[in-house]
Amino acid sequence: MSKKIVILFDLLEAPPPDQNYRDYEKDSVWDNEVSVKRALQRLGHEVVLIGVFNDITRLITELNEIKPDLIFNMVESFNNNRNLEPQVVGVFELLGIPFTGTRSLGLGICKDKALSKKILSHHRIRIPRWVVSHRSRPLRKIHDIKFPAFVKASHTEGSEGISKESFVESESDAIARAAFLHEKYESNVIIEEFIEGRELYMSVLGDKRLQCFPMREIVFQNFPEDEPKFATYKSKWDEKYRKKWGIRNEFARNLEKDVIKRAENMCKKAFAVLHLHAYARFDLRLNEQGELYMLEANPNPSITDYDDFAASGRKADIEYDELIAKLIDLAY
Ligand SMILES: Nc1ncnc2c1ncn2[C@@H]1O[C@H](COP(=O)(O)OP(=O)(O)O)[C@@H](O)[C@H]1O
Ligand SMILES: [Mg+2]
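So our numbering is basically just the index in the sequence shown, starting at one, shifted up by 17.
Put into structure tokens, the structure is as follows:
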């Protein structure tokens, strides 16, 4: 049945008065929204694009006027603040409008990597051993974790703040990097053991019954053998840099059945205990001993038609439009 669907996304400035985005399709930063919009139209739905910056009253007025059957939620921040993403979803919940993806509780849990780690470890899901340096009380000594370690802000995403300096081999370097991140991102910082190994991405779809798709992997083909390999901001987003160093996301090859099974079980369990809903992507590492570690959970991952989630879905025989249709069904 045809529905009236609002695709809602965040902007870094006030939306145009008429919410007209005629020119946006040309710019690749909108690929995610454009992919979804086209799929929804192919599925026969009426689509309205709404951007939100920092005016929640305006958003509520617009939603009350449009009266959508559903919100396709692509909001990642409010007032340029990523921490407020769950609160925007809370507004949909208060208005009683069905929406795609994870609810405000699950988004809130995953926004705080330290909190989600506590929940994961409580449920015996293997994660790197870690400590938090609080912004108000930065760590001066680091106990209980082995070096090399990895230092990251607790609230950033998409490898923001991840560079060569995130990999540290001593306590003093870890503390210095943490101080830099406290300052730059005004956030707490996680210092955790560095997990040497392959980096795998597991896409999961569903609600009570979950489906895991074939895993993707980031490979660093032309990287010097002895350099630690991990997804820095550049290695994720800078196409030239990726080309130069042979960095690619591809389907993970030659994984033993047992590893796949363990990864699937781990991700399904994490999906449930983190209160995720409809779709999520998990970042995992597999070390030489065959141990799997969960680095983080990503609720509402990028759903662009060429990205990892959609590629994995296709490999599991779920074409893009069908995937979008499933996300709509899962909203109810
Ligand atoms: N403990 C770790 N060991 C090895 N690499 C790590 C570790 N933590 C993070 N990384 C690397 O940094 C990248 C980004 O970290 P992640 O926790 O996934 O944050 P983000 O939300 O920015 O994606 C990962 O994809 C991985 O390559
Ligand atoms: Mg990640």
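Every residue gets a Cβ at the ideal spot worked out from N, C-alpha and C, and that includes glycine.
For clarity, every value in this text was computed on a predicted model and none was experimentally measured.
Three-state secondary structure (DSSP) of residue i
{"i": "valine 23", "result": "strand"}
{"i": "histidine 151", "result": "strand"}
{"i": "lysine 43", "result": "helix"}
{"i": "isoleucine 264", "result": "strand"}
{"i": "alanine 269", "result": "coil"}
{"i": "phenylalanine 70", "result": "coil"}
{"i": "arginine 233", "result": "strand"}
{"i": "phenylalanine 211", "result": "coil"}
{"i": "alanine 248", "result": "coil"}
{"i": "phenylalanine 240", "result": "coil"}
{"i": "methionine 91", "result": "strand"}
{"i": "glutamate 82", "result": "helix"}
{"i": "alanine 193", "result": "helix"}
{"i": "asparagine 49", "result": "helix"}
{"i": "leucine 227", "result": "strand"}
{"i": "glutamate 186", "result": "coil"}
{"i": "asparagine 37", "result": "coil"}
{"i": "glutamate 63", "result": "strand"}
{"i": "tyrosine 323", "result": "coil"}
{"i": "glutamate 339", "result": "helix"}
Residue j beta carbon less than 8 Å from that of residue i
{"i": "arginine 233", "j": "serine 329", "result": "yes"}
{"i": "tyrosine 250", "j": "serine 176", "result": "yes"}
{"i": "serine 187", "j": "arginine 152", "result": "no"}
{"i": "valine 69", "j": "leucine 28", "result": "yes"}
{"i": "alanine 314", "j": "alanine 287", "result": "yes"}
{"i": "threonine 117", "j": "phenylalanine 95", "result": "no"}
{"i": "aspartate 86", "j": "lysine 130", "result": "no"}
{"i": "lysine 2", "j": "leucine 227", "result": "Because the chain in this structure spans residues 18 to 349, residue 2 falls outside the shown range and cannot be described."}
{"i": "alanine 280", "j": "leucine 222", "result": "no"}
{"i": "leucine 312", "j": "arginine 298", "result": "no"}
{"i": "valine 185", "j": "leucine 198", "result": "no"}
{"i": "leucine 60", "j": "valine 23", "result": "no"}
{"i": "valine 17", "j": "serine 183", "result": "The requested residue 17 is not part of the displayed model; the chain covers only 18 to 349."}
{"i": "valine 290", "j": "histidine 140", "result": "yes"}
{"i": "lysine 332", "j": "phenylalanine 268", "result": "yes"}
{"i": "leucine 4", "j": "tyrosine 38", "result": "An answer regarding residue 4 cannot be provided, because it is not within the stretch 18 to 349 covered by the chain."}
{"i": "leucine 347", "j": "threonine 119", "result": "no"}
{"i": "glutamate 213", "j": "asparagine 100", "result": "no"}
{"i": "tyrosine 310", "j": "arginine 143", "result": "yes"}
Assigned exposure category for residue i - 16 Cβ within 10 Å defines buried
{"i": "serine 171", "result": "buried"}
{"i": "valine 108", "result": "buried"}
{"i": "asparagine 317", "result": "buried"}
{"i": "isoleucine 77", "result": "exposed"}
{"i": "tryptophan 147", "result": "buried"}
{"i": "glutamate 209", "result": "buried"}
{"i": "glycine 263", "result": "exposed"}
{"i": "histidine 62", "result": "buried"}
{"i": "serine 252", "result": "buried"}
{"i": "tyrosine 349", "result": "exposed"}
{"i": "glutamate 308", "result": "exposed"}
{"i": "glutamate 102", "result": "buried"}
{"i": "alanine 166", "result": "buried"}
{"i": "serine 133", "result": "buried"}
{"i": "alanine 31", "result": "exposed"}
{"i": "methionine 283", "result": "buried"}
{"i": "glycine 125", "result": "buried"}
{"i": "serine 150", "result": "buried"}
{"i": "lysine 246", "result": "buried"}
{"i": "glycine 123", "result": "buried"}
{"i": "valine 46", "result": "exposed"}
{"i": "glycine 113", "result": "exposed"}
{"i": "arginine 215", "result": "buried"}
{"i": "serine 220", "result": "buried"}
Counterpart residues of residue i in DSSP-defined beta bridges
{"i": "serine 220", "result": "Arg298"}
{"i": "leucine 309", "result": "Leu303"}
{"i": "asparagine 317", "result": "Per DSSP, none; premise fails for asparagine 317."}
{"i": "lysine 169", "result": "Ile207"}
{"i": "phenylalanine 116", "result": "Ile88"}
{"i": "asparagine 98", "result": "Phe95"}
Residue-chain proximity (residue i, chain C), Cβ-Cβ < 8 Å
{"i": "asparagine 239", "result": "No chain C is present in this structure, which holds just one protein chain."}
Inter-stretch contact (C-beta, 8 Å, three-pair minimum) for the stretch 154 to 162 and the stretch 315 to 328: no
Below 8 Å, can you find three or more Cβ-Cβ pairs linking the stretch 329 to 348 to the stretch 48 to 56? yes
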